[in-house]
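**Student:** To get my numbering, take the position in the sequence shown, counting from 1, and add 2.
By construction, the Cβ of each residue, glycine as well, lies at the ideal position given by its N, Cα and C atoms.
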Amino acid sequence: MIAAAPGAPPRPRLPHVVIGGAPRSGTTFLCEVLDKHPGAFVAKPFIPERKVLMVPHADGDAGFVATYDNLFASAPADAVLVEKTSYYLENEDARARFARVLPETRIVFILRDPIRRAYSNWLWSKKNGLETLPFPDAIGAEGSRANPLPPERAYARPFDYLTRGFYGRYVAAWIDAIGEKRVAVFGFEEAMAAPVPFAERLQRFAGLDVLPWSALHTGAVNALDDYEFDLPDSLVADLRRRLALDMALLARLTGLDVGRWGFAA
């Protein structure tokens with residue numbers, strides 16, 4: 003951290019790292035892992051999220067800076083500051099604000115099999131009384147239904163199940179906006195299968211001293227629902243075809259093993 007010059011006002015406290023999505027893919031799990039590191043200060047609560055950059059601020063960019071400064075006011079002076087908002091990945095306005103307001107901040111995305119993610123999102127919408135259609139019908143109607151949420155919560159997009167799985171286009175937009183060195187992408191399934199290299203890479207990217215996985219170990223918090231995933235093979239194959247080009251783009255950009263999700267590498 004760079005200290006303010008003598009006599010100058012203190013620098014506002016901005017996040018060093020933001021966990022930016024994707025929804026229903028393990029963002030709370032990342033919070034739990036980083037929160038166990040003594041060198042990190044993760045803004046709480048994890049749920050509901052702070053959503054600092056999601057909607058316009060009455061004071062413009064200065065308002066976002068002030069919000070962050072207040073959010074991290076109680077953090078130790080030398081802590082790595084972390085915010086989590088899972089909607090940032092897909093939100094164009096938040097991405098533009100991030101580029102302006104947080105010119106040095108890094109962003110982390112954790113992604114999950116997009117078809118399972120879509121199904122989990124459908125379950126969430128159904129549980130919250132927003133969804134009445136069966137999953138195949140809801141996928142078929144995607145893009146044709148009005149958002150039932152009020153304008154201030156329209157970003158939640160409860161019916162955009164498959165649309166949110168076009169990870170490649172979203173990651174590409176973030177790289178274009180802030181540069182590839184400030185963007186890290188993890189696969190949830192890969193992190194579960196090989197937690198030691200995952201934890202080491204996450205800590206290094208966050209600028210933290212690397213601790214062993216045994217010191218950070220946590221369960222899959224709020225990431226994988228306890229449900230049976232039993233969709234018709236024909237539906238799964240169709241959804242994979244629709245996502246195939248985007249998954250290839252994601253693999254080229256990040257090196258992520260999309261074969262774990264049933265896509266060609």
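Have a look at K46, P138, V54 and A79 and flag the residue whose alpha-carbon is nearest the alpha-carbon of Y70.
**Tutor:** In the sequence shown, residue 70 corresponds to position 68, counting from 1. Among K46, P138, V54 and A79, the Cα nearest to that of Y70 is on V54.
**Student:** Can you list, in chain order, the residues of its chain whose CB lies under 6 Å from that of A186, leaving out five sequence neighbours each side?
**Tutor:** Position 184 of the sequence shown, counting from 1, holds the residue named residue 186. Cβ within range, chain order: V110 and F207.
**Student:** I need the DSSP call for A2, collapsed to helix, strand or coil.
**Tutor:** Residue 2 is absent from the model: the chain starts at 3 and stops at 267.
**Student:** Start and end of the beta strand (DSSP E) containing K53?
**Tutor:** Within the sequence shown, numbered from 1, the residue matching residue 53 stands at position 51. Per DSSP, K53 belongs to no beta strand (DSSP E) and is neither H nor E.
**Student:** Any idea what DSSP makes of A68, helix, strand or coil?
**Tutor:** Counting from 1 along the sequence shown, the entry for residue 68 is found at position 66. Reduced to three states, the DSSP call for A68 is helix.
**Student:** Tell me, to the nearest whole angstrom, how far the beta carbon of A101 is from that of M56; I am working on the premise that it is less than 8 Å.
**Tutor:** Within the sequence shown, residue 101 is the residue found at index 99, counting from 1. Within the sequence shown, residue 56 is the residue found at index 54, counting from 1. Between M56 and A101 the Cβ distance is about 15 Å, and since that is not below 8 Å, they are no contact.
**Student:** What is the DSSP secondary structure of G142, counted as helix, strand or coil?
**Tutor:** Counted from its first residue, the sequence shown places residue 142 at position 140. DSSP places G142 in helix when its eight states are reduced to three.
**Student:** Please classify F164 as buried or exposed, where buried requires at least 16 other C-beta atoms within 10 Å of its C-beta.
**Tutor:** Working through the sequence shown from its first residue, we reach residue 164 at position 162. Here residue 164 turns out to be Leu, not Phe, going by the sequence shown. Counting Cβ neighbours within 10 Å, L164 comes out buried, since at least 16 surround it.
**Student:** Taking the alpha carbon of L73 as the reference point, which residue from K46, A81, L91 and E94 has its own alpha carbon closest?
**Tutor:** Walking along the sequence shown from the start, residue 73 turns up at place 71. Per the Cα distances, K46.
**Student:** DSSP three-state call for E106: helix, strand or coil?
**Tutor:** On the sequence shown, residue 106 is found 104 positions in, with the first residue counted as 1. The answer is coil: DSSP assigns E106 none of H, G, I, E or B.
**Student:** R242: which of P116, H39 and K129 sits nearest, CA to CA?
**Tutor:** As a working mapping, residue 242 is identified with position 240 in the sequence shown. For the residues P116, H39 and K129, the minimum Cα distance to R242 belongs to P116.
**Student:** Nearest-angstrom Cα distance between D211 and P78?
**Tutor:** Stepping through the sequence shown from its first residue, residue 211 is reached at position 209. Stepping through the sequence shown from its first residue, residue 78 is reached at position 76. Using only the alpha carbons, I get a separation of about 16 Å.
**Student:** Rounded to the nearest angstrom, what separates E192 and P25 at their Cα positions?
**Tutor:** What you label residue 192 is simply residue 190 of the sequence shown in a count that begins at 1. What you label residue 25 is simply residue 23 of the sequence shown in a count that begins at 1. Each residue's alpha carbon lies about 17 Å from the other.
**Student:** Starting from A186, trace the beta strand (DSSP E) both ways and give me its first and last residue.
**Tutor:** The count along the sequence shown starts at 1 and reaches residue 186 at position 184. Start and end: V185 to G189.
**Student:** Just to confirm the assignment, what range does the beta strand (DSSP E) spanning E85 have?
**Tutor:** Counted from its first residue, the sequence shown places residue 85 at position 83. Looking at the DSSP string, the run of the beta strand (DSSP E) that includes E85 is V82 to K86.
**Student:** R52 and T87 look like a contact to me (Cβ under 8 Å); what is the Cβ gap, rounded to whole Å?
**Tutor:** Counted from its first residue, the sequence shown places residue 52 at position 50. Counted from its first residue, the sequence shown places residue 87 at position 85. So it is a contact: roughly 6 Å between Cβ atoms.
**Student:** Residues in its own chain within less than 7 Å of R262 by CB, not counting five upstream and five downstream?
**Tutor:** Your numbering for residue 262 matches position 260 in the sequence shown. Within the same chain, R262 has close Cβ partners G189, E191 and E192.
**Student:** With a threshold of 7 Å on Cβ separation, who are the neighbours of N93 within its own chain once the five nearest residues in sequence on each side are excluded?
**Tutor:** Reading the sequence shown from its first residue, position 91 is the one you call residue 93. M56 and Y157.
**Student:** DSSP three-state call for F270: helix, strand or coil?
**Tutor:** The first residue shown for the chain is 3 and the last is 267, placing residue 270 beyond what the model contains.
**Student:** In the DSSP assignment, find the alpha helix (DSSP H) that holds V238 and state where it starts and stops.
**Tutor:** Position 236 of the sequence shown, counted from the start, is the residue given in the question as residue 238. Looking at the DSSP string, the run of the alpha helix (DSSP H) that includes V238 is D235 to T256.
**Student:** Below 6 Å CB to CB, which residues in the same chain sit around V44 once its five sequence neighbours on both sides are set aside?
**Tutor:** Residue mapping note: residue 44 aligns to position 42 of the sequence shown, counting from 1. C33, L36, D37 and V84, listed in sequence order.
**Student:** Would the beta-carbon of L135 fall within 7 Å of that of P160?
**Tutor:** In the sequence shown, the residue the question calls residue 135 occupies position 133. In the sequence shown, the residue the question calls residue 160 occupies position 158. Against a cut-off of 7 Å, the Cβ pair of P160 and L135 comes out as no contact.
**Student:** Residue range of the alpha helix (DSSP H) that V173 falls in?
**Tutor:** Translated into positions along the sequence shown, residue 173 becomes position 171. First-last of the alpha helix (DSSP H) with V173: Y169 to I180.
**Student:** Can you list, in chain order, the residues of its chain with a C-beta nearer than 6 Å to that of I21? Leave out the 5 residues immediately preceding and following it.
**Tutor:** Along the sequence shown, read from residue 1 onward, the residue named residue 21 stands at position 19. Cβ within range, chain order: T29, L32, K86 and V110.
**Student:** Are F168 and D248 close, meaning C-beta to C-beta below 7 Å?
**Tutor:** By one-based count along the sequence shown, residue 168 stands at place 166. By one-based count along the sequence shown, residue 248 stands at place 246. Their beta carbons are under 7 Å apart, which means F168 touches D248 by this criterion.
**Student:** Out of A42, P40, G142 and P12, point me to the one whose CA is closest to D240's CA.
**Tutor:** If you number the sequence shown from 1, residue 240 lands on position 238. Looking at the Cα atoms, G142 is the closest of the given residues.
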